[in-house]
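A.B. asks: I'd like to ask you about the structure that follows.
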Amino acid sequence: MKHVIGVGCAVALAGTIVWAEAVKPTDVVFEDGAVSVSLSGMPGDPANGAVLMNKGSGNCIACHAVDALSDLPFHGEVGPPLDGVADRWSEAELRGIVADAKKMFDGTMMPSFYRTEGFIRLGDAYTGKAFEGAEVQPLLTAQEIEDVVAFLVTLKEE
Amino acid sequence: MNLKPWMAAAVIGLAGSAFAQDDSTLSIDGEEFVTETEAPAHLENVSTIYSGWRFRTPETQALQVDDFDNPAMIFVDQALDLFQQVDGTEGKSCASCHTDGPEEFAGLHAKMPKVVDGKLMVMEELINTHRQDAMGAEPWKWSGADMQAMVALIGLQSRGMPMNVAIDGDAAPFWEKGKEIYYTRYGQLELSCSNCHEDNYGNMIRADHLSQGMINGFPTYRLKQAKLISRHNRFRGCIRDTRAETFAEGSDEFKALELYVASRANGLDIETPAVRQ
Numbered sequence: 026m027k028h029v030i031g032v033g034c035a036v037a038l039a040g041t042i043v044w045a046e047a048v049k050p051t052d053v054v055f056e057d058g059a060v061s062v063s064l065s066g067m068p069g070d071p072a073n074g075a076v077l078m079n080k081g082s083g084n085c086i087a088c089h090a091v092d093a094l095s096d097l098p099f100h101g102e103v104g105p106p107l108d109g110v111a112d113r114w115s116e117a118e119l120r121g122i123v124a125d126a127k128k129m130f131d132g133t134m135m136p137s138f139y140r141t142e143g144f145i146r147l148g149d150a151y152t153g154k155a156f157e158g159a160e161v162q163p164l165l166t167a168q169e170i171e172d173v174v175a176f177l178v179t180l181k182e183e
Numbered sequence: 328m329n330l331k332p333w334m335a336a337a338v339i340g341l342a343g344s345a346f347a348q349d350d351s352t353l354s355i356d357g358e359e360f361v362t363e364t365e366a367p368a369h370l371e372n373v374s375t376i377y378s379g380w381r382f383r384t385p386e387t388q389a390l391q392v393d394d395f396d397n398p399a400m401i402f403v404d405q406a407l408d409l410f411q412q413v414d415g416t417e418g419k420s421c422a423s424c425h426t427d428g429p430e431e432f433a434g435l436h437a438k439m440p441k442v443v444d445g446k447l448m449v450m451e452e453l454i455n456t457h458r459q460d461a462m463g464a465e466p467w468k469w470s471g472a473d474m475q476a477m478v479a480l481i482g483l484q485s486r487g488m489p490m491n492v493a494i495d496g497d498a499a500p501f502w503e504k505g506k507e508i509y510y511t512r513y514g515q516l517e518l519s520c521s522n523c524h525e526d527n528y529g530n531m532i533r534a535d536h537l538s539q540g541m542i543n544g545f546p547t548y549r550l551k552q553a554k555l556i557s558r559h560n561r562f563r564g565c566i567r568d569t570r571a572e573t574f575a576e577g578s579d580e581f582k583a584l585e586l587y588v589a590s591r592a593n594g595l596d597i598e599t600p601a602v603r604q
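Listed in order, the protein sequences are those of chains X and E.
So the first sequence is residues 26 to 183, counted in the numbering used here.
So the second sequence is residues 328 to 604, counted in the numbering used here.
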């Protein structure tokens, strides 16, 4: 964890930092399923988070309905609706759920978006072929996780 | 069915009735089909099984109720021609041996896959074995148009009969293997067949209305692809969507999975060839 704190100081000191070292997927510290520090060392961008909810490797609305994104078609019903999710969970808990929901909900169907190990017959994205690269990439980058979390934090009803 | 807390309201609202899919009945040319029945005894987590037809839109459903509207029938007609067509070194067609025509195969589909001399056989292999051994002809490609047309023609002879594959005796070890595959969470998304088709049938996943993933209507005509889709091609697509390395069409794994998935439909009427979006 030391280097994370170090990065935090660097951000504070330099003011306009463009790059900070991310916590590696294998180094994330979960406490009761929650993750207290930013994985990228940077704040998230809720607007980009909203984009990721609908696209790319996020595609959260494949399984979750979100009223705030009702302009987008086809919200799924596999997971609970995410309206008011920030009333139910803290930012740290939301970060933990998005990074690796299996830590919070044992055996859940929700994919682990910031994990790189422990897969059975890992493929090369959606080609159906075996993964052959050197390093497995998580479904979302550290910054993308932060962006999604920043969006989820805005989902308040109370 | 695994009920989740946020579904409870919906279930209470419709207590007693099927809530997961529509309640229409399928009849083709006046003949009624069983599209919903008690699950076979071996199914642990599901009490009622449903045909995939029940989960489709009225527009797609309608294409299956009249054979003149069913686009798969063009391929069935082509297979009737293939049945008569001489091919291979022996100068024979299917009809040379099967003199009563494809009708001879009534009931066969209901019992496939089955174990023959210790080997698990699926329809595609039965067809290719006869092409090679009896006709001296080249084997057809698994998901090729000729093969799937012939699988559909033979399947059609059992339409309206209940699926009834054997899972005991010689079949047991293959069935166990298929079951294990069905419940394995593959790929980077770590999803098993059961996650989608057992825990979530009736729910939307993005734009798709999840069915129980039954194969009693295969090969199915898929409107999107405008052709007949084989069972193994469908399995491949579903596993690929979990960001996994799939198994090959015709592999031992997919044959075992086919036996297991077929057994989950035991009791549902065969609808081959069905129509899907």
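A virtual CB, placed ideally from N, CA and C, is assigned to each residue, including glycine.
CB-CB under 6 Å to Ala583 (chain E), same chain, minus the five flanking residues each way: which ones, in chain order?
C.D. replies: In the second sequence, the residue the question calls residue 583 (chain E) occupies position 256. Phe501, Lys504, Gly505.
A.B. asks: Would you mind reading off the limits of the alpha helix (DSSP H) that contains Arg563 (chain E)?
C.D. replies: Sequence index remark: in the second sequence, residue 563 (chain E) carries index 236 (1-based). Its alpha helix (DSSP H) spans residues 558 to 567.
A.B. asks: Enumerate in chain order the residues of its own chain whose CB-to-CB distance from Pro50 (chain X) is below 6 Å, with the five nearest sequence positions on each side excluded.
C.D. replies: In the first sequence, residue 50 (chain X) corresponds to position 25, counting from 1. Cβ neighbours of Pro50 (chain X) beyond the five flanking positions: Tyr139, Arg140, Thr141, Pro163.
A.B. asks: Please list the partners that Gly101 (chain X) has in chain E, where partner means a Cβ-to-Cβ separation under 8 Å.
C.D. replies: Looking up residue 101 (chain X) in the first sequence gives position 76. Correct list: Asn530, Met531, Ile532, Arg533.
A.B. asks: Just verifying my parser: in three-state terms, what is the DSSP assignment at Lys419 (chain E)?
C.D. replies: Here the question's residue 419 (chain E) lines up with position 92 in the second sequence. Three-state result, Lys419 (chain E): strand.
A.B. asks: Along the stretch 128 to 146 of chain X, what residues have a CB closer than 8 Å to any CB found in chain E?
C.D. replies: Against chain E - using a Cβ distance shorter than 8 Å - the residues of the stretch 128 to 146 of chain X are Met134, Pro136, Ser137, Phe144, Ile145, Arg146.
A.B. asks: Kindly list, in the order they appear in chain X, the residues whose Cβ is closer than 9 Å to that of Leu518 (chain E).
C.D. replies: Indexing the second sequence from 1 puts residue 518 (chain E) at position 191. Residues of chain X passing the Cβ test: Met134, Pro136.
A.B. asks: Determine, using beta carbons only, whether Ala87 (chain X) comes closer than 8 Å to chain E.
C.D. replies: Residue numbering aside, residue 87 (chain X) sits at position 62 when the first sequence is read from its first letter. Yes, contact with chain E.
A.B. asks: Within 10 angstroms of the Cβ of Tyr510 (chain E), are there 16 or more other Cβ atoms? Answer buried if so, exposed if not.
C.D. replies: Reading the second sequence from its first residue, position 183 is the one you call residue 510 (chain E). Counting Cβ neighbours within 10 Å, Tyr510 (chain E) comes out exposed, since fewer than 16 surround it.
A.B. asks: Under a three-way DSSP split, which group does His536 (chain E) fall into?
C.D. replies: Counting from 1 along the second sequence, the entry for residue 536 (chain E) is found at position 209. Note: His536 (chain E) maps to strand in three-state DSSP.
A.B. asks: Check Ala571 (chain E) in the structure and name its three-state DSSP category.
C.D. replies: Locating residue 571 (chain E) in the second sequence gives position 244, where the first residue counts as 1. Note: Ala571 (chain E) maps to strand in three-state DSSP.
A.B. asks: Closer than 7 Å by beta-carbon distance: list the chain E residues that pair up with Lys154 (chain X), in chain order.
C.D. replies: Here residue 154 (chain X) refers to the residue found at position 129 of the first sequence. What Lys154 (chain X) touches in chain E: Glu572.
A.B. asks: Between which two residues does the beta strand (DSSP E) holding Arg549 (chain E) run?
C.D. replies: Start at 1 with the first residue of the second sequence, and residue 549 (chain E) comes out as number 222. That run of the beta strand (DSSP E) goes 547 to 549.
A.B. asks: How many Å lie between Ala342 (chain E) and Ser63 (chain X) at the Cα?
C.D. replies: By one-based count along the second sequence, residue 342 (chain E) stands at place 15. By one-based count along the first sequence, residue 63 (chain X) stands at place 38. Because Ala342 (chain E) carries a pLDDT of 33, less than 50, the predicted location of this residue cannot be relied on, and no value is offered for it.
A.B. asks: Going by other Cβ atoms of all chains shown within 10 Å of its Cβ, with 16 needed for buried, is Asn527 (chain E) buried or exposed?
C.D. replies: The residue labelled residue 527 (chain E) in the question sits at position 200 within the second sequence. Its Cβ being crowded by 16 or more others within 10 Å, Asn527 (chain E) is buried.
A.B. asks: Which residues in the same chain have their Cβ closer than 8 Å to the Cβ of Pro399 (chain E), if we skip the five residues on either side of it in sequence?
C.D. replies: Residue mapping note: residue 399 (chain E) aligns to position 72 of the second sequence, counting from 1. Note that residue 399 (chain E) is Ala in the sequence shown here, rather than Pro. Result list for Ala399 (chain E): Ala479, Pro546, Thr547, Tyr548, Leu555, Pro600, Ala601, Val602, in chain order.
A.B. asks: Measuring alpha carbon to alpha carbon, tell me which of X:Gly104, X:Asp149, X:Asp96 ends up nearest His89 (chain X).
C.D. replies: Position 64 of the first sequence, counted from the first residue, corresponds to residue 89 (chain X). Checking every option, the nearest Cα to that of His89 (chain X) belongs to X:Gly104.
A.B. asks: Cβ closer than 9 Å: which chain X residues qualify as neighbours of Tyr513 (chain E)?
C.D. replies: For the purposes of this step, residue 513 (chain E) is taken as the residue at position 186 of the second sequence. Residues of chain X passing the Cβ test: Phe144, Ile145, Arg146, Leu147, Gly148.
A.B. asks: Taking only three categories from DSSP, how would you classify Ala336 (chain E)?
C.D. replies: In the second sequence, the residue the question calls residue 336 (chain E) occupies position 9. Confidence at Ala336 (chain E) is low in this model, with a pLDDT of 39, below 50, so the placement of that residue should be treated as unreliable; the coordinate-derived value is given next. Note: Ala336 (chain E) maps to helix in three-state DSSP.
A.B. asks: Do Arg146 (chain X) and Gly514 (chain E) have their C-beta atoms closer together than 8 Å?
C.D. replies: Mapped onto the first sequence, residue 146 (chain X) falls at position 121. Mapped onto the second sequence, residue 514 (chain E) falls at position 187. Their beta carbons are under 8 Å apart, which means Arg146 (chain X) touches Gly514 (chain E) by this criterion.
A.B. asks: Could you work out which residues of chain X lie near Arg558 (chain E), taking near to mean beta carbons separated by less than 7 Å?
C.D. replies: Taking the second sequence and counting its residues from 1, one reaches residue 558 (chain E) at position 231. The premise fails here: Arg558 (chain E) is roughly 16 Å from chain X at the closest Cβ pair, so nothing lies under 7 Å.
A.B. asks: Give the single residue among E:Gln604, E:Glu359, E:His369 whose Cα lies nearest to the Cα of Ala534 (chain E).
C.D. replies: Walking along the second sequence from the start, residue 534 (chain E) turns up at place 207. Comparing Cα positions, the closest option is E:Gln604.
A.B. asks: Since Ala366 (chain E) and Thr375 (chain E) are thought to touch, with beta carbons under 8 Å apart, how far apart are those beta carbons, to the nearest angstrom?
C.D. replies: Here the question's residue 366 (chain E) lines up with position 39 in the second sequence. Here the question's residue 375 (chain E) lines up with position 48 in the second sequence. Their Cβ separation, rounded to whole angstroms, is 6 Å, which keeps Ala366 (chain E) and Thr375 (chain E) in contact under 8 Å.
A.B. asks: Run through DSSP, which three-state label would Lys468 (chain E) get?
C.D. replies: Within the second sequence, the letter at position 141 stands for residue 468 (chain E). Looking at Lys468 (chain E) - three-state DSSP - the assignment turns out to be coil, as it is neither helix nor strand.
A.B. asks: Taking all protein chains shown into account, do 16 or more other C-beta atoms lie within 10 angstroms of the C-beta of Cys523 (chain E), making it buried, or fewer, making it exposed?
C.D. replies: For the purposes of this step, residue 523 (chain E) is taken as the residue at position 196 of the second sequence. The residue in question, Cys523 (chain E), is buried, as its Cβ has 16 or more Cβ neighbours within 10 Å.
A.B. asks: Since Gly434 (chain E) contacts Met488 (chain E) with CB under 8 Å, what's their CB separation in whole angstroms?
C.D. replies: Stepping through the second sequence from its first residue, residue 434 (chain E) is reached at position 107. Stepping through the second sequence from its first residue, residue 488 (chain E) is reached at position 161. The Cβ separation is near 6 Å, so the contact holds.
A.B. asks: Report yes or no: do three or more beta-carbon pairs, one from the stretch 52 to 63 of chain X and one from the stretch 120 to 129 of chain X, lie closer than 8 Å?
C.D. replies: As far as the Cβ criterion goes, the stretch 52 to 63 of chain X touches the stretch 120 to 129 of chain X, which means the pair count is three or higher.
A.B. asks: In the structure shown, what three-state DSSP assignment does Asp414 (chain E) receive?
C.D. replies: Locating residue 414 (chain E) in the second sequence gives position 87, counting from the first residue. It is a strand residue.
A.B. asks: Judging by CA-CA distance, which residue of E:Glu580, E:Leu516, E:Ala406 is the nearest neighbour of Gly143 (chain X)?
C.D. replies: Translated into positions along the first sequence, residue 143 (chain X) becomes position 118. Among E:Glu580, E:Leu516, E:Ala406, the Cα nearest to that of Gly143 (chain X) is on E:Leu516.
A.B. asks: Is the CB-CB distance between Ser470 (chain E) and Ser557 (chain E) below 8 Å?
C.D. replies: Here residue 470 (chain E) refers to the residue found at position 143 when the second sequence is read from its first residue. Here residue 557 (chain E) refers to the residue found at position 230 when the second sequence is read from its first residue. Yes, these two residues count as a Cβ contact at 8 Å.
A.B. asks: Tell me Ile454 (chain E)'s beta-bridge partners as DSSP assigns them.
C.D. replies: The residue given as residue 454 (chain E) occupies position 127 in the second sequence. Per DSSP, none; premise fails for Ile454 (chain E).
A.B. asks: Considering only residues of the same chain and omitting the five flanking positions on each side of Glu183 (chain X), which have a CB-CB separation below 6 Å?
C.D. replies: Numbered from its first residue, the first sequence carries residue 183 (chain X) at position 158. Only Asp112 meet the Cβ criterion.
A.B. asks: Starting from the beta carbon of Asn593 (chain E), find every residue of chain X whose beta carbon is closer than 8 Å, and list them in chain order.
C.D. replies: Within the second sequence, residue 593 (chain E) is the residue found at index 266, counting from 1. The contacting residues do not exist; Asn593 (chain E) stays about 26 Å from chain X at best.
A.B. asks: Looking only at its own chain, which residues have a Cβ that is under 8 Å from the Cβ of Arg486 (chain E), when we skip the five neighbours before and after it?
C.D. replies: The count along the second sequence starts at 1 and reaches residue 486 (chain E) at position 159. These residues qualify, in order along the chain: Ile355, Asp596, Ile597, Glu598, Thr599.
A.B. asks: Which residues, taken in chain order from the stretch 160 to 179 of chain X, show a beta carbon closer than 7 Å to some beta carbon of chain E?
C.D. replies: So the list reads Leu164, given in the order they occur along the chain.
A.B. asks: Is there at least one Cβ from chain X nearer than 8 Å to Arg383 (chain E)'s Cβ?
C.D. replies: Residue numbering aside, residue 383 (chain E) sits at position 56 when the second sequence is read from its first letter. No, Arg383 (chain E) lies away from the interface with chain X (no Cβ there is under 8 Å from its Cβ).
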